[in-house]
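Per my numbering, residue 1 is the first one in the sequence shown, and the count goes up by one each step.
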Amino acid sequence: MSSDTVDRKIAVILATDVVGYSKHMETNEKETVQNLKACEQILTKTFKKHKGRLFNTGGDSFLIEFPSAVEAVECAVSFQEQIKKRNTSDNPTIPLEFRIGINTGDVIQDKDNLLGDGVNIAARLESLAQTNGITISKAVYDFIKGKTDFRYNDLGIQKVKKNEFHAYDILLDPSQKRMLKTQYGSNVKLFVVIAAALIMALVGFLMLGLDGQDKKITEFRETSKPVILVTPVKTSGLSEDQQGFARGITESMISTFSRYTGIRVLSSSTSFHVAENNITDEEIREEYGVNFVIRGSMQVMGNNARLNVEVTDLKIGEVVKTEKRDFELSTIFKVQDEISDKVLGSIQTDLGTGEYIKTFMAQLDNIEDFTMSLNWVRAWRSYSPEGYEKSKTILDELNLRYPQGNPFLDVLGSWQISQRIRLNLSEDVEADKKELRSLLEQLTTNYPKYPDAFNARALIGLTRLGATCEEAIADIDHAEKMGGGQETLMIGAGVYNNCGQGKKAISRLKEVLKLVPNDPRWFQTGLLVSFMYQDKLAPEKIYEVVGEKINAEDMDPRILAIYSIFEFKNGNEDKAISYYKRALKNGFRKDRLDFKTDPEYTAKTHEIIDKIDSLASK
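Shown next, in the form of structure tokens:
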């Protein structure tokens, strides 16, 4: 199967086989085969009842695809119960017992067969399962949690062959509860893992805070790598014997970062030398060439712990990212997974950070300019007059460094002017529009293979310059043909939404979420939910998309506002107010729920928001 014909999709996979089948065949081949056929009939009847499809079999093993994680799990439970009843009531000459593993993930469709890691992990889960047991991945657990009445046993992170995953047992019987050695071993190592994961998320934020394009537009120029210093993690609430945690956590983080080719991490000896000698941030930057300093602290109180991390950008002398996690030691794996999700969303490609950064930085001459571009993003995304002024100052300085011009900076410039118009900061709106139109035309003419230029013209042209939907969609189509990735999908979603094609907008956002399913800014999820809301889909669909992420401190304000509206409509005023206050805290504005293609629906939405605001103000 050639790469250009690969057909991918998300599927729920159930894998099962007979425990000790080879030994049974050696003992009594005929009876074993007869009993397997009887069990296969039970399995077939059961999976068909739950909308399953058998796509591969190998004697005593079966691979079944389901459209729903709930259906797959209910099928597995029913099958195991039927097999148990058969073995105890029917008294077969050779009672057969099964193990079952269930996973959901990306698979490759090859005619009627399915291939890929989504299938492989299901098989690994099956091999990990107990006799008469069912073991599921965390992805499946997240889908079925709260939708079934089954009990679960958290097995933590497991590694079978080359696959590593978070696994759960479904407890059909209390006796099935077990403790497995985790991939990370002792609690000391667990602290190290969670700390390293959290810091990784923050570094990912700093390095990939701007969604860039994946194609070079200029010849790559060798640049220095971002230099990171991890200071020793401070601890409190630990015994003297446990104080070694701090050094262990710090060294583990340094070791973890060192695997990524796109950054340079100073050694642990340097880290501790800096701490012991109270070297200032200014001296760290000047003497060691450090761009970012990462500081962490952990407090332990009995069975509870708190991990705090902050990242300081030494160029501007400001803390640019902070993270805090409270957790019980017994739930450390859950916390770890949440943080790992952020990591995946931030770095976007596993162990591919260096190459991504290399391509991104190809548009700039050095790490200092790269850092400035990230600071521009942080300021611009505040969508405020203060943020506009700060981003303008940064962009003006960057342009002075590239007197011959730079298409990447010109694209940033187009978004800068667009925001000036949007925030009503223009001294002459028509003059700004003329400048904006000229800049975008120049970019798309001079760089016809640069997706971001067409992305910008598509959305800015549609929302600020009076372009038609046909023109904007044509620009998006061109960007897609030129290899535009995540950015093109997101902007394309915005274009289709503004053109009243909500389903196409939703479709593109779903594609984005396949690429970065747990974006730490909740940006993609926020867009998807607002588009779904505008398209008037059933509220429960939105709940399915967001899930427990609604409790995240930095949840997108649009999602919180929509939840507030739902609760208000259901008569839950206290919940509505709570969600609304969180939305305001995270920067919500009423115009973020404007639906240009449906003014009547916009008016109704704003009316409800006003009522909630009035209640919240009392």
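Beta carbons: idealized from backbone N, C-alpha and C, even for Gly.
Nearest to residue i (by Cα), restricted to the options the options
{"i": "Ser391", "options": "Val377, Glu287, Ile473, Gly500", "result": "Val377"}
{"i": "Val293", "options": "Gly492, Val319, Leu229", "result": "Leu229"}
{"i": "His24", "options": "Gly59, Lys48, Lys9, Lys49", "result": "Gly59"}
{"i": "Tyr447", "options": "Met482, Leu398, Lys433", "result": "Met482"}
{"i": "Ala167", "options": "Asn153, Gln176, Lys177", "result": "Asn153"}
{"i": "Asp7", "options": "Val119, Ala69, Glu600, Asp110", "result": "Asp110"}
{"i": "Asn304", "options": "Tyr288, Asp326, Thr602", "result": "Asp326"}
{"i": "Leu598", "options": "Gly500, Val546, Ile550, Lys581", "result": "Here the sequence assigns Asp to residue 598, which means Leu is not the residue at that position. For Asp598, the nearest C-alpha among the options comes from Gly500."}
{"i": "Ala616", "options": "Arg582, Arg592, Thr602", "result": "Arg582"}
{"i": "Arg151", "options": "Ser137, Val160, Leu172", "result": "Leu172"}
{"i": "Lys84", "options": "Asn132, Asp428, Arg53", "result": "Asn132"}
{"i": "Thr393", "options": "Ala379, Ile476, Asn406", "result": "Ala379"}
{"i": "Gly146", "options": "Ser127, Asn120, Pro95, Val70", "result": "Val70"}
{"i": "Gly639", "options": "Ile550, Arg381, Asn424, Val12", "result": "Any question about residue 639 goes unanswered here, given that the chain covers just 1 to 618."}
{"i": "Ala38", "options": "Pro92, Glu553, Leu63", "result": "Pro92"}
{"i": "Thr622", "options": "Ala453, Gly461, Ala576, Thr270", "result": "With the chain running from 1 to 618 in the structure shown, residue 622 is simply not present."}
{"i": "Ala72", "options": "Gln486, Tyr141, Asn87, Glu600", "result": "Tyr141"}
{"i": "Asp477", "options": "Gly466, Val274, Tyr450", "result": "Tyr450"}
{"i": "Leu436", "options": "Leu560, Phe98, Leu465", "result": "Leu465"}
{"i": "Ser297", "options": "Pro232, Ile279, Thr57, Glu283", "result": "Pro232"}
{"i": "Asn626", "options": "Glu548, Arg53, Val429", "result": "Because the chain spans 1 through 618 in this model, residue 626 falls outside it and cannot be assessed."}
{"i": "Glu164", "options": "Arg178, Leu125, Asp475", "result": "Leu125"}
{"i": "Ser68", "options": "Ile10, Ser373, Asn551, Ser382", "result": "Ile10"}
{"i": "Pro407", "options": "Asn424, Glu441, Lys434", "result": "Glu441"}
{"i": "Glu29", "options": "Leu96, Arg592, Ile473", "result": "Leu96"}
Opposing strand residues paired with residue i [DSSP bridges]
{"i": "Phe47", "result": "In DSSP, Phe47 forms no bridge with anything."}
{"i": "Lys159", "result": "Glu164"}
{"i": "Lys510", "result": "Lys510 is not bridged to any residue."}
{"i": "Gln109", "result": "Asp7, Leu114"}
{"i": "Asp154", "result": "Tyr168"}
{"i": "Ile491", "result": "Answer by DSSP bridge pairing: none, since Ile491 is not bridged."}
{"i": "Ala122", "result": "DSSP lists no partner for Ala122."}
{"i": "Thr235", "result": "Met298"}
{"i": "Arg178", "result": "Partner(s): none; Arg178 has no beta bridge."}
{"i": "Glu318", "result": "Asp313"}
{"i": "Leu14", "result": "Ile64, Ile102"}
{"i": "Asp326", "result": "Arg306"}
{"i": "Ile134", "result": "Ile100, Ile170"}
{"i": "Leu54", "result": "Ile64"}
{"i": "Val230", "result": "Ile294"}
Counted within 10 angstroms of its Cβ, other Cβ atoms place residue i as buried (16 or more) or exposed
{"i": "Met620", "result": "The chain is shown only over 1 to 618; residue 620 falls outside these bounds and no answer can be derived."}
{"i": "Arg508", "result": "buried"}
{"i": "Leu314", "result": "buried"}
{"i": "Ala431", "result": "exposed"}
{"i": "Gly317", "result": "exposed"}
{"i": "Pro403", "result": "exposed"}
{"i": "Phe333", "result": "Here the model assigns Phe333 a pLDDT of 42, short of 50, so the residue's position is not dependable, and the following value carries that caveat. Buried, because 16 or more other Cβ atoms sit within 10 Å of the Cβ of Phe333."}
{"i": "Gln41", "result": "exposed"}
{"i": "Asp90", "result": "exposed"}
{"i": "Met1", "result": "The pLDDT assigned to Met1 is 45, lower than 50, so where the model puts this residue is not dependable, and the model offers no usable value."}
{"i": "Asn120", "result": "buried"}
{"i": "Ala603", "result": "exposed"}
{"i": "Thr468", "result": "exposed"}
{"i": "Gly405", "result": "exposed"}
{"i": "Thr445", "result": "exposed"}
{"i": "Arg295", "result": "buried"}
{"i": "Thr27", "result": "exposed"}
{"i": "Tyr580", "result": "buried"}
{"i": "Tyr383", "result": "exposed"}
{"i": "Gly20", "result": "exposed"}
Cβ distance (whole Å) where residue i is taken to contact residue j below 8 Å
{"i": "Phe66", "j": "Lys51", "result": "6 Å"}
{"i": "Gln80", "j": "Ile134", "result": "6 Å"}
{"i": "Arg619", "j": "Ser530", "result": "Any question about residue 619 goes unanswered here, given that the chain covers just 1 to 618."}
{"i": "Asn103", "j": "Ala139", "result": "7 Å"}
{"i": "Tyr533", "j": "Ile491", "result": "So it is not a contact: roughly 20 Å between Cβ atoms."}
{"i": "Asp169", "j": "Gln176", "result": "6 Å"}
{"i": "Ala458", "j": "Val512", "result": "Rounded, the Cβ-Cβ distance is 16 Å, inconsistent with contact."}
{"i": "Ala123", "j": "Leu14", "result": "With a Cβ gap of about 10 Å, Ala123 and Leu14 do not count as contacting."}
{"i": "Gly101", "j": "Ile108", "result": "With a Cβ gap of about 19 Å, Gly101 and Ile108 do not count as contacting."}
{"i": "Lys590", "j": "His606", "result": "6 Å"}
{"i": "Phe62", "j": "Thr32", "result": "Their Cβ separation, rounded to whole angstroms, is 16 Å, which puts Phe62 and Thr32 out of contact at 8 Å."}
{"i": "Arg395", "j": "Gln416", "result": "Sequence check: residue 395 is Leu here, not Arg. Sure, about 6 Å apart at Cβ, within 8 Å."}
{"i": "Ile94", "j": "Asn56", "result": "Not confirmed; about 24 Å, so no contact."}
Proximity test, Cβ basis, 8 Å: residue i and chain D
{"i": "Thr280", "result": "No chain D is present in this structure, which holds just one protein chain."}
**Q.** Inside the segment 433-489 only - alpha helix (DSSP H) runs reaching at least 4 residues
**A.** 451-464, 469-481
Q. In chain order, which beta strand (DSSP E) runs of at least 3 residues are fully inside the segment 266-313?
A. 292-301, 304-313
Q) Enumerated in chain order, which unbroken segments of the alpha helix (DSSP H) with a length of 4 residues or greater are wholly contained in the segment 571-606? A) 573-585
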